[in-house]
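Here the sequence shown is numbered in my numbering, starting from 18 and rising by one per residue.
In what follows, a single structure is set out as structure tokens and then discussed.
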Amino acid sequence: MAILRQYRLSNLIRMSPIETPRAVRDLVVVGHGMVGHRFVEALRSRSDSGSWRITVLAEEAEPAYDRVGLTSYTEGWDRSRLALPGNDYAGDDHVRLRLRARVTELDLAGKSVLAADGQRYGYDTLVLATGSRAFVPPVPGHDLPGCHVYRTLDDLDGIRADMECMLEAGHTRTGVVIGGGLLGLEAANALRNSGIQPHIVEMAPRLMPQQLDEAGGMLLSRMISELGIAVHVGVGTESIEQLTHQYGSPTLRVRLSDGNEIEAGLVIFAAGVRPRDELAREAGLAIAERGGVLTDLSCRTSDPDVYAIGEVAAIEGCCYGLVGPGYTSAEVVADRLLEGAAEFGEADMSTKLKLLGVDVASFGDAMGATENSLSVVINDPVKNTYAKLVLSDDAKTLLGGILVGDASSYGVLRPMVGAELPGDPLDLIAPASDGGKTSLGITALPATAQICSCNNVSKGDIVEAIGNGCHDVQALKDCTKAGTSCGSCIPLLKDLLIAEGVEQSKALCEHFDQSRTELFQIIQVTGIRTFSELLERFGSGYGCDICKPTVASILASTGSEHILEGEQAALQDSNDHFLANIQRNGSYSVVPRVPGGEIKPEHLILIGQVAQEFGLYTKITGGQRIDMFGARVDQLPAIWRKLVDAGMESGQAYGKSLRTVKSCVGSDWCRYGQQDSVKMAVDLELRYRGLRAPHKIKMGVSGCARECAEARAKDVGVIATEIGWNLYVGGNGGMSPKHAQLLASDLDTETVFRYIDRFLMFYIRTADRLQRTAPWIESIEGGLDHVRQVVCEDSLGLAEEFEAAMARHVDNYTDEWKGVLDDPEKLSRFVSFVNAPDAEDPTVAFTERDGRKIPLPIPVLRSSEEES
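Written as structure tokens, this is what we have:
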């Protein structure tokens, strides 16, 4: 094989531009996966790309999506979460996308392709981006109902349907995954998260045989087995048979080569992939010995007008199954089509991921295949960590490595591959507690070190962007695309900003140099209870609409005063000012609390009567309560008087506080419920109601793994298991949706409350202004692992203090609207006009549309919050 040259976008050699106008040529792209989309993006980003008219033929019903994050689809079954930005090419007249357009034939002589619907597309240049297909071993019974592959969104929908059937049948909760590589472990994780007991069957003697050596694979197997997952290594699958269970539901029996048998509800094949080269084979293109469309380093096939990129391309005979090399091939072809001279360089096969909560990383020559290479290994079975560095024969150059259990060094080690080490190799992987990692740092990396392998971005590229004014992580992502794919390099972007001397201001606003966290500590330590005193002692000026509500929230979190008491009333934003959400027409909403969605019939009747009396529009929310819209400011006290007198209280839909705790009906009513989710939800809502925070908080409780309450879309999610509860944290909606991550498993009810107490207090004390739980966890050094150490292991020794603070909140809680109704001074603020308190607000106006009451919009002061 020819020596591969290192390929970097910043060093592309471009030919002189052609001065004469050139006719627009037709380009057809077959396949619209991640690499196909990246190719179109790369081509269209060049200034001279208008010379191409691009047709993209996609086989699937969905445009390009993040197949690397495929398993995350099982957390919410929302396809839109995986959609790649710009995958529909809206507004781009040079690109047309055809979905469900499977290509059935290539006509190389006639320079056209034929789609399954009979449509023929002509081309001047053709790019094959057909990717790969899941490999299914020829095991007898592999095509029985209940057998699946793990490759596309449609595949996962099929698996989901079978999982639901399993849970409904109730006789087996077991699934078998054939294949213990990256995809197999992800499939096992998806089963486990859905309440299915997974068995992993791997023919090789260890898990992840392509990435890990024997010792690393053994440690990974042990750690995964400790999570309750059955691991079978060095074992093949003899056959799969269909049984009929006594309840009438089909079941599969999987026979293994060691004589064991597993009775399962479904089988998932994740035994590798094969390039989808059948179109090229039939058309007569050269095929590599082990499959894939044979190309040279420019990714050109045996036909000079046809290129191949991604997993279908066998570049000089070698196929690459990772997205990083695929993106590189896409960039090479984009450059070639615009008269460039780019070539495919050495492929980066590095991987880093967290499988079933276990960190795993592999980079460079991880197996030590280089002649005369040396290995430095630290294997600590007590701490469940394994680290190996592969070095040159003089022990000066890093060639590769493996990390299991603790992959915190991966971000800096991977870019050092091929470079001279800055110090003792053992120091680079020694635990920090042993004095290691003293010479390891971002400053030790050369400018050519690749920081983002997915997008071929070097340290030099990022330093240059920082010098050009990109002074935060988001700006660097927008400018260089580093961190926009797998995201593993984002910590390095932060380190580079610091290393380049870019100071990240912590100031809350121009009036306070301190961050919100620092102000919280100041208020807690000094006992200051007013904004004016805090401003006088630690700030300057008069305050603004940033610091005033922030300090008001901190004061509410650290004390029991009413938020409209004295000076605090003037600090609130437009919603808290009137204890109601302002709407687009200047009217307000009324939202009584309905703990856990459980409501008495008399309260339902009362809500209807109030809405009818005051002419309010009513709507049932996603948080399982009823909103009433259209109230004037002066009507709010009268409305709330009726609700409070009947025993209802404020739902705080207006506050940066606990909003709702959503629940399913649980074990009381549902035949699948494993625990009483309604009682848990009611208890959670009553415990944390009124708790002020940096941002709103939502919770959910599901009575089983079917997840009807969508608990993993909440800041705190609780899901029942057969023996207790699983606790999830950090799920958010909004502009950047995130699914919650598992914090702890199979907890008893008392422990669930203890952990949530600690988690919420940790969040309230340390989060930034308007920072929700998901970005807060991401911003913490150590991320979820650190949060877990603080909450579950009490690593900071603050658990008792957190729990005591929450107990004070629970003991001192009072309903905010009742506090207003009992205080004439507070009531006096609820008028439309100070100089005409009995006058109706003329700006509050409605219209009728299709029999529905619709508000007419007016310019109003808005807060940063939306309705619950």
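Note that beta-carbon positions come from the ideal geometry of N, C-alpha and C, so glycine has one too.
| Query | Result |
| --- | --- |
| Helix, strand or coil: which one does DSSP assign to His826? | helix |
| Please name the residue in Arg676, Tyr689, Gln691, Ala722 whose C-alpha comes closest to that of Leu701. | Arg676 |
| Less than 8 Å between C-beta atoms, sequence neighbours within five positions excluded: which residues of the same chain meet that for Gly158? | Cys164, Ser256, Ile257, Glu258, Gln259, Leu269 |
| Name the two residues that bound the continuous alpha helix (DSSP H) containing Leu660. | 653 to 662 |
| For a quick check, are the C-beta atoms of Leu145 and Val47 less than 9 Å apart? | yes |
| Which residues mark the beginning and the end of the beta strand (DSSP E) in which Arg70 is found? | 69 to 74 |
| Quick one: grab the DSSP three-state call for Gly357. | strand |
| What span of residues does the alpha helix (DSSP H) with Thr497 cover, start to end? | 490 to 497 |
| Quick check on Ile740: buried or exposed, where buried means 16 or more other Cβ atoms within 10 Å of its Cβ? | exposed |
| Does Arg239 come out as helix, strand or coil in the three-state DSSP assignment? | helix |
| Three or more C-beta pairs closer than 8 Å, one from the segment 165 to 177 and one from the segment 75 to 95: is that the case here? | yes |
| In whole angstroms, give me the CA-to-CA distance for Pro432 and Cys687. | 53 Å |
| Scan the segment 271 to 319 and note each continuous beta strand (DSSP E) run of 3 residues or more that stays entirely inside, going in chain order. | 278 to 281, 283 to 286, 290 to 292, 310 to 312 |
| Closest to Phe56 by CA distance: which of Glu306, Asn104, Lys494 is it? | Asn104 |
| Going by DSSP, what residues sit across from Arg42 in a beta bridge? | Trp69 |
| Is Ile446 near the ligand MG, going by C-beta to nearest heavy atom under 8 Å? | This structure lacks the ligand MG; in fact it carries no ligand of any kind. |
| Take the Cβ of Lys617 as the centre, count every other Cβ of all protein chains shown within 10 Å, and call the residue buried at 16 or more, exposed below. | exposed |
| Going by DSSP, which residues form a beta bridge with Glu258? | Arg270 |
| Between Arg113 and Val434, what straight-line distance do the alpha-carbon atoms span, to the nearest angstrom? | 41 Å |
| Helix or strand or just coil, what does DSSP make of Trp742? | strand |
| Quick check: what's the CA-CA separation for Thr635 versus Ala761? | 39 Å |
| Return the chain-ordered list of same chain residues with a C-beta closer than 7 Å to the C-beta of Ile468, the five sequence neighbours on each side being excluded. | Pro432, Val474, Ser475, Lys476, Ile479, Ala499, Cys506, Leu509 |
| Using a 10 Å radius around the Cβ and a threshold of 16 neighbouring Cβ atoms, would you call Asp313 buried or exposed? | exposed |
| Which class does Thr460 belong to by DSSP, given the choice of helix, strand or coil? | helix |
| Closer than 6 Å by C-beta to Leu236: which residues in its own chain qualify, once you throw out the five before and the five after it? Chain order, please. | Tyr403, Val421 |
| With DSSP run on the structure shown, which of helix, strand or coil describes Ala806? | The amino acid occupying residue 806 in the given sequence is Gln; Ala does not appear at that position. Correct three-state label for Gln806: helix. |
| Given a cut-off of 9 Å, decide if Leu143 and Arg115 are closer than it, judged by their beta-carbon atoms. | no |
| Cα-Cα, which of Gln691, Thr638, Thr318 is closest to Lys679? | Thr638 |
| Along the chain, where does the alpha helix (DSSP H) that runs through Phe631 open and close? | 618 to 631 |
| What did DSSP end up calling Val644 once you bin it into helix, strand or coil? | Just to set this straight, residue 644 is Asp in the shown sequence, not Val. DSSP places Asp644 in strand when its eight states are reduced to three. |
| Which first and last residues belong to the alpha helix (DSSP H) in which Ile483 is found? | 476 to 484 |
| Distance check for Ser242 and Gln228, CA to CA, integer angstroms please. | 19 Å |
| What residue range does the alpha helix (DSSP H) around Val57 cover? | 51 to 61 |
| The beta strand (DSSP E) that contains Thr150, what's its start and end? | Just to set this straight, residue 150 is Arg in the shown sequence, not Thr. It spans 149 to 151 - the beta strand (DSSP E) in which Arg150 sits, taken as one unbroken run. |
| Can you name the start and end residues of the alpha helix (DSSP H) that His249 belongs to? | From DSSP, His249 is part of no alpha helix (DSSP H) but of the beta strand (DSSP E) over 247 to 250. |
| Does the contact criterion of 3 or more C-beta pairs under 8 Å hold for the segment 199 to 217 versus the segment 317 to 333? | no |
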